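Below: the structure, in structure tokens.
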Amino acid sequence: IGSKVMAVEGYKAQSEMVMDSLDKLITTWEDHKESVIVEGVHLSLNFV
1 IGSKVMAVEG YKAQSEMVMD SLDKLITTWE DHKESVIVEG VHLSLNFV
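According to my numbering, the sequence shown is numbered sequentially starting from 1.
Below you can see the structure in the form of structure tokens.
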């Protein structure tokens with residue numbers, strides 16, 4: 001496997017981990033009726 005493929009696969013794996021945790025946090029903020037702004041390089045419209 002080339003280094004570019006490994007980098008993309010690693011990015012995708014990290015993004016999934018971030019989104020799993022973020023989903024739980026967003027649910028908590030919604031339950032408390034709190035606003036939040038989320039940004040970062042691992043966010044993707046594919047997960048929204």
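We put the beta carbon where it would ideally sit given N, CA and C, even for glycine.
Predicted model, so just to flag it, every value in this text is computed and none were measured.
H42 is positioned such that its CB atom lies closer than 8 Å to that of S15. Assigned with DSSP and collapsed to three states, E9 falls in helix. Apart from the 5 residues on each side of it in sequence, V38 has no Cβ closer than 6 Å to any other Cβ in its chain. Between K24 and V18, the alpha-carbon positions lie close to 10 Å from each other.
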